[in-house]
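This report concerns only the one structure given below.
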Amino acid sequence: MNVFEEALIQYFGKPGLDKIQSTVVGIAGLGGLGSNCSACLVRSGFRKFILADFDKVELNNLNRQFYFLDQVGLNKTDCLKANLLRINPDLDITLVTQKISKDNAAVVFADCDVVVEAFDKVEYKCLMAEVFLGSGKLFVSASGMAGWGNSDAIRIKKIKDSCFLVGDNCSEVAGLLPPCAPRVTIAAAKEADVILSWVLGR
Amino acid sequence: MLSIRVFYLDKTMRVRINGEDFLFTESVNVAGLVAQRKMRPETVVVEHNNVILARDKWEETLINENDTLEILSFVGGG
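Protein sequence lines correspond, in order, to chains A and B. FYI, the numbering for the first sequence is 0 to 201, going by numbering that gives the first Met the number 0. FYI, the numbering for the second sequence is 0 to 77, going by numbering that gives the first Met the number 0.
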């Protein structure tokens with residue numbers, strides 16, 4: 000246990016931190032939701048991750064995603080791993096730099112206790128729900144966090160014991176409703192909070 | 000084009016949707032349930048009695064007393 004993790008014991012106690020550290024979290028999509036959610040989880044003591052994204056960091060990601068200017072053009076998987084390791088150098092991270100599909104999703108995240116849907120396209124959100132809604136794993140998804148203002152509308156909806164949906168369920172990203180840091184980060188943080196409370200409550 | 004079938008029932012039917020109980024006075028298929036909620040089918044995932052229900056099964060699947068459904072609808076962004 001490193002000094003960062005020892006400092007977390009004051010917040011969670013040893014039994015709590017043990018629960019957190021033994022949980023494997025899979026994150027599908029490392030954009031505004033996935034990158035910020037993973038940062039919240041690492042700061043909360045989680046150390047085992049499977050991170051999946053095929054994309055590279057782009058300039059227009061930097062308005063909300065947990066990357067830096069000098070990482071533009073590089074794989075999101077590699078960059079996020081590097082950034083998270085700066086918070087806790089002892090993370091156990093598996094990177095999957097490929098597109099998630101109906102055929103590979105269950106295999107990629109097979110070892111996870113928790114799966115976070117953090118894609119931006121509806122088609123992929125549906126795909127993840129179809130694969131993981133009945134999987135027995137905790138499945139946390141998000142829908143509706145574009146634009147600005149009225150951020151109290153971004154709520155956590157319990158679908159069932161193993162499934163939670165975060166968002167206002169109506170603010171779709173579009174020309175006049177871009178994805179912006181405050182609302183996207185709120186949704187990502189709420190996804191992380193669902194996971195933290197679920198793990199500590201076990 | 001989805002067809003929505005409605006039959007009137009002799010008594011009310013209790014159905015659990017996303018953890019809440021709903022009473023129905025008429026029989027309905029899953030396609031009808033999604034339409035009632037004004038959801039776009041291509042943005043919706045339905046789990047019916049713990050089984051994910053493919054969209055091409057929505058019309059033929061009638062909701063029965065004490066069924067459990069989880070209905071998730073999504074908008075884009077992240």
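Built from N, CA and C at the ideal position, the CB exists for glycine as well.
Problem set entry | Exposure of Gln70(A), with buried meaning 16 or more beta-carbon neighbours within 10 Å | By the neighbour-count criterion, in which 16 or more other beta carbons inside 10 Å mark a residue as buried, Gln70(A) falls on the buried side.
Exercise. In this structure, does DSSP put Ala27(A) in helix, strand or coil?
Worked result: strand
For this session: Note the first and the last residue of the continuous alpha helix (DSSP H) segment covering Glu129(A).
Result: Residues 121–131.
Problem set entry | Assigned secondary structure, Arg85(A) (DSSP; H/G/I helix, E/B strand, else coil) | helix
For this session: Following the continuous beta strand (DSSP E) through Thr93(A), name the residue where it begins and the one where it ends.
Result: 91–95
Exercise. So, is the C-beta of Lys98(A) closer than 8 Å to a C-beta in chain B?
Worked result: No - not a single Cβ of chain B is within 8 Å of the one on Lys98(A).
Problem set entry | With 16 other Cβ atoms within 10 Å as the buried cut-off, status of Thr184(A) | buried
Exercise. If we count the other Cβ atoms within 10 Å of its Cβ and call it buried at 16 or more, is Tyr10(A) buried or exposed?
Worked result: exposed
For this session: Note down, in chain order, every chain B residue with its Cβ under 9 Å from the Cβ of Asn168(A).
Result: Ser72, Phe73, Val74
Exercise. Closest by CA to Lys101(A), which one among Val198(A), Leu90(A), Ser142(A), Phe131(A)?
Worked result: Answer by Cα proximity: Phe131(A).
Exercise. Do Lys18(A) and Arg201(A) have their C-beta atoms closer together than 8 Å?
Worked result: Yes, Cβ-Cβ distance for Lys18(A) and Arg201(A) is below 8 Å.
Exercise. Thinking C-alpha only, which one of Ala141(A), Val56(A), Asp160(A), Pro181(A) is nearest Asn149(A)?
Worked result: Pro181(A)
For this session: For Glu122(A), count neighbouring C-beta atoms within 10 Å of its own C-beta (all shown protein chains included) and say buried if the count is 16 or more, exposed if not.
Result: exposed
Exercise. So Leu68(B) and Val43(B) are in contact, right, with Cβ under 8 Å, and what is the actual spacing, rounded?
Worked result: Not quite, the Cβ-Cβ distance comes to about 11 Å (not below 8 Å), so this is no contact.
Exercise. Would Cys78(A) pass as a contact of Val56(A) if the rule is Cβ separation under 8 Å?
Worked result: Yes. Within cutoff.
For this session: Enumerate in chain order the residues of its own chain whose CB-to-CB distance from Asn49(B) is below 8 Å, with the five nearest sequence positions on each side excluded.
Result: Cβ within range, chain order: Thr67.
Exercise. Are Ser142(A) and Phe73(B) close, meaning C-beta to C-beta below 8 Å?
Worked result: yes
Problem set entry | Residues sharing a beta bridge with Thr67(B), DSSP | Arg15(B)
Exercise. Could you give the residue range of the beta strand (DSSP E) that holds Phe48(A)?
Worked result: From DSSP, the beta strand (DSSP E) with Phe48(A) extends over 47–51.
Exercise. Between Ala152(A), Cys169(A), Asp192(A), which lies nearest to Gly76(B) when the distance is taken from Cα to Cα?
Worked result: Cys169(A)
Exercise. What residue does the beta strand (DSSP E) around Arg154(A) start on, and which one ends it?
Worked result: 154–159
Problem set entry | Any 3 or more C-beta pairs closer than 8 Å across the segment 102–116 of chain A and the segment 132–139 of chain A | Touching, per the Cβ criterion.
For this session: Whole angstroms is fine: what's the gap from Leu199(A)'s alpha carbon to Lys10(B)'s?
Result: 44 Å
Exercise. DSSP on Phe73(B), reduced to helix/strand/coil?
Worked result: coil
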